[in-house]
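**Student:**
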Amino acid sequence: MSDTPDHPPIQLSAPSAGEFIAAQQSPEFQKLRRTLLSFVFPMTVFFLSWYALYLVLGVFAPGFMGTSVWGNINMGLVLGLLQFVTTFAITGLYIRFTNRKLDPAADVVRAGFADGKYAREADVLKQSAPKGGQQ
């Protein structure tokens, strides 16, 4: 049995700038971008708010943060450790979200590059663009 494939390898060229612009303007890419932002923006706001609350409590409520929970463990330590737990939880949620929502949408955009859809759209955009100096 030989190690050579039955067909020659596919030679892929790098997409042109026009193809990237066509892809960026496509409804598939816009959907992918909206889907990403629908997760990233609220999660960022949540985490930064949670972190700001931790800082504000540390500055303005030292009595509360120093409240003993168990032995030498106080609320400040508990809330500080919960920052790490929250970071890992958000990371896990992001991975799950990416696998379920972003990867399928990215595959659609990637297929547009592979089948030449964006190359054809880039050609149309190039032809409809005004020629240099004309208005």
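In this text, residue positions in the sequence shown follow my numbering: the first is 103, and each later residue adds one. Built from N, CA and C at the ideal position, the CB exists for glycine as well.
1. I think Gly168 touches Asn174, with their Cβ atoms under 8 Å apart; what is that distance to the nearest whole Å?
2. Taking the alpha carbon of Phe141 as the reference point, which residue from Arg202, Leu227, Glu223, Val226 has its own alpha carbon closest?
3. For the region 131-192, which segments carrying the alpha helix (DSSP H) assignment without a break, of at least 4 residues, lie completely within its bounds, in sequence order?
4. When DSSP labels each residue in this structure, what does Pro47 get in the three-state scheme?
5. Straight-line CA distance for Leu139 to Asp209?
**Tutor:** The structure says:
1. Going by Cβ atoms, the distance from Gly168 to Asn174 rounds to 11 Å, so no, they are not a contact pair.
2. Arg202
3. 164-167
4. In this structure the chain extends from 103 to 237, so residue 47 is not present and cannot be described.
5. 18 Å
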